[in-house]
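There are 2 protein chains.
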Amino acid sequence: MPTTIKDVAKMAGVSPSTVSRVIGNHPKISQATKDRVAEAMETLQYRPNAIARSLANKTTKTLGLLLPNSDEDLLQNPFYVQVMRGISRYAQKAGYYILYSYTDHEEQEIKMLDELLHSKWVDGVILTTIRENDRCVEFLRANQHHFVVIGTPEEHGDEILWVDNNNINAMYEVVASLVEKGHKRIAFIGGPHEFAVTRYRLRGYQKALKHYGIPFQPEWVVERDYTEKAGYEVAKELFERAELDAIVTTDDLIAFGAQKALLELGKNEVALTGFNNTILAEYKTPPISSVDIKAEALGYEAAKLLITNLKEKSDVTHCLIDAEFIERESSCIKE
Amino acid sequence: MPTTIKDVAKMAGVSPSTVSRVIGNHPKISQATKDRVAEAMETLQYRPNAIARSLANKTTKTLGLLLPNSDEDLLQNPFYVQVMRGISRYAQKAGYYILYSYTDHEEQEIKMLDELLHSKWVDGVILTTIRENDRCVEFLRANQHHFVVIGTPEEHGDEILWVDNNNINAMYEVVASLVEKGHKRIAFIGGPHEFAVTRYRLRGYQKALKHYGIPFQPEWVVERDYTEKAGYEVAKELFERAELDAIVTTDDLIAFGAQKALLELGKNEVALTGFNNTILAEYKTPPISSVDIKAEALGYEAAKLLITNLKEKSDVTHCLIDAEFIERESSCIKE
DNA sequence: CACCTCCGTGGTACCGTTTGCACTCATTAT
DNA sequence: ATAATGAGTGCAAACGGTACCACGGAGGTG
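Just so you know, the sequences run in chain order A and B. Numbering of the first sequence is given in this note's numbering, commencing with residue 1 and proceeding in unit increments. Numbering of the second sequence is given in this note's numbering, commencing with residue 1 and proceeding in unit increments.
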């Protein structure tokens, strides 16, 4: 029923092979036949069958995208939507399709990967989260599959493809901006230490202090949970121990808690910054400065990196994307 | 290199056809050979090649999903993410894959559909928005493709598959709740009339008034834009004309504007409700009552409806999903 | 005991494209 | 004029499955 390459061939008076060559614009085809075939394709409304093509060249021009199913991630700002948009943008440009799937846990994730890759549905996959000693990564490497990770895989460094937000630079910028405004006694509230982002952001904090010659005070650094409650409690604890100029945090949620604590303590001259630029940050009183992660760029670059490496082994294996520090009232001098 | 059906056949000492039959668990296969084949598949770690299978039976077990690229939609709550989750949940259960693509405008959308259906051979598509006289719908119908729409396609009524939020019921509930609390002079602020949601929500409003025997006042109904500004202006205009008990709106953004107007006018006894249950609604002062649309259920049911109809023509062609009215301070009696 | 049925299986022709190999026919070198 | 070259194209065999058709043999029937 659908028009095939044979129909086109018949109409143009050539063999199917020739039509195929025209499509793949093979060099050695005369302009005359090229035109005849093109015309036939046009009038027959021919569309190559991607499935048949995939079978023949063992490549699907399709990428798999694994998304985490956790509720926290879902509610949190439109991070994943933006990532997906970015991926879609590049993929479309490169003629690739994207197949997505939500998974609940590692086991299901591996099952999905196995299915996707071995049943030959996808040429490569994009992972949007990564744990320590991630079994998915192990699985993918063991089976020599192509993949890219959004996030920094600490164990495998240069051996696998990844793109990430430049957390060190971002937090550096935040702290630098505070110092430039005259703050010196700056505390750091982070999430759990096992999360890579916490560690990287801490490094950015330390780097900035060092650069400005401000001594690092270990007792001003507390790593707890990624929750509002933790932010509130830690902020209160910090002020029992010392007087501070400013507090930087590794997440808006933590900052929200800290803001509440500052309000209760009447410390409205203390500067405060969040991270991830949640919608709510802008609507707090005062609005909280935050770091806007370029999620769409992350997706775009991830797709680009993977697709590039699919075509030919490239020597660029990762990509750091700069975030933007959005300054709001919470980190500006109060009168 | 990869193990094929032939390898399995050889190992089990049967023909490829038999292996194929075992996979598709064809009825007329003896238990003995079934076991032998199963064992061979297990030891060879055999995974059927989905591409080859698709080529042979002209079905890909894959659905296409078209997402709008507009920024407004992106910023607005996690609606689409939830829809995607729901789709993924059902699709996984039914053994289907989902290809997604963002599109900017109708033209690109049609191009994508054409590609997806004619080239990539997806078995059906899910549309997440629908316009009046939607050309995509026309295209799909003209080419006899399977598809489902999220939203109500007014022109084609029963002829096409769709799922939608039950807007009439939802707004009915909102108004009913207000009336039960003693409100009688209830105004309605909506978005543009050409949006189906506006009209449906208006109908719910009217239905509730009628049910409670409250006369409908056309001058208390204003339809303008889906913006905060519009909400603000319309609310002010309404109060120049009449004293009101309550305002219902068709969107949180409108409600935010109206809330600002009420504050300025000092009308804090007037009840106010939003729609779509944006994250911000909860954080306004006072928190704004809103209608929580079950986006994940929409996605789930859309996938279900489409896949069901792919297998065999069913007579259920659409599905209305009830939303949940979340009451907050803004619509409760103020002391 | 010959015949029909039906179960379980193998043979084979596809599904729509790609691609290495071979062939034809001009063109150029000798 | 003849051989060598090479551009342009056709043939046929894959790619990995599926499914129709046919066939051998076991069991039942008259």
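Cβ coordinates follow ideal geometry from the N, Cα and C atoms, glycine included.
Beta-carbon gap between residue i and residue j smaller than 9 Å
i      : j      : result
A/Y90  : A/T62  : no
B/A94  : B/I321 : no
B/G190 : B/I247 : no
B/C319 : B/A271 : no
B/V222 : B/Y205 : no
B/G124 : B/F147 : yes
B/A40  : B/V83  : no
A/T317 : A/I160 : yes
B/Y212 : B/D251 : no
B/S119 : A/A302 : no
B/Y232 : B/A261 : yes
B/R36  : B/K28  : no
Among the options, nearest to residue i - alpha-carbon criterion
i      : options                        : result
B/S70  : A/D123, A/P68, A/R85           : A/R85
B/K10  : B/I168, B/Y46, B/N143, B/E269  : B/Y46
B/I5   : B/Y172, B/A142, B/P48          : B/P48
B/L127 : B/H211, B/R135, B/M171         : B/R135
B/E324 : B/P153, B/D35, B/V19, B/E173   : B/E173
B/T60  : B/D35, B/E107, B/L116          : B/L116
B/D292 : B/D104, B/E106, B/M171         : B/M171
A/E264 : A/N276, A/K236, A/D245         : A/K236
A/S330 : A/K304, A/N133, A/L178, A/A38  : A/L178
A/S88  : A/E296, A/I214, A/P215         : A/E296
B/V137 : B/W121, B/N166, B/N165, B/E107 : B/E107
B/T152 : B/I110, B/N143, B/V197, B/M112 : B/V197
B/Q217 : B/F195, B/E243, B/H193         : B/E243
Proximity test, Cβ basis, 9 Å: residue i and chain B
i      : result
A/Q340 : Coverage of chain A is limited to positions 1 through 335, which leaves residue 340 of chain A absent and any answer about it impossible.
A/M11  : no
A/R47  : yes
A/W121 : yes
A/E115 : yes
A/A176 : no
A/L263 : no
A/S54  : yes
A/Y300 : no
A/R328 : no
A/A242 : no
A/E335 : Low local confidence applies: a pLDDT of 46 at A/E335 is under 50, so the model's placement there is unreliable, with the coordinate-based value given in what follows. Not one chain B Cβ lies under 9 Å of A/E335.
A/R386 : Since the first residue shown for chain A is 1 and the last is 335, residue 386 of chain A is missing from the structure and cannot be characterised.
Contact belief for residue i with residue j at Cβ below 8 Å, rounded distance in angstroms
i      : j      : result
B/Q259 : B/I288 : 6 Å
B/R241 : B/E282 : So it is not a contact: roughly 31 Å between Cβ atoms.
A/Y80  : B/V81  : 6 Å
B/L66  : B/S17  : Their Cβ separation, rounded to whole angstroms, is 39 Å, which puts B/L66 and B/S17 out of contact at 8 Å.
B/G257 : B/K229 : 6 Å
B/I168 : B/K207 : 7 Å
A/R199 : A/D245 : Incorrect: roughly 24 Å between the Cβ atoms, too far for contact.
Where residue i sits in the DSSP three-state scheme
i      : result
B/Y300 : helix
A/L305 : helix
B/F188 : strand
B/F275 : coil
A/T103 : strand
B/K260 : helix
B/I247 : strand
A/H211 : helix
A/V270 : coil
A/W220 : helix
B/Y172 : helix
A/Y200 : helix
A/E329 : helix
A/E324 : strand
B/I98  : strand
B/E237 : helix
Any C-beta of chain A under 9 Å from that of residue i
i      : result
B/V197 : no
B/E228 : no
B/H118 : yes
B/L99  : yes
B/F216 : no
B/Y212 : no
B/Y232 : no
B/S88  : yes
B/I336 : Here chain B comprises residues numbered 1 to 335, so residue 336 of chain B is not present and cannot be evaluated.
B/T60  : yes
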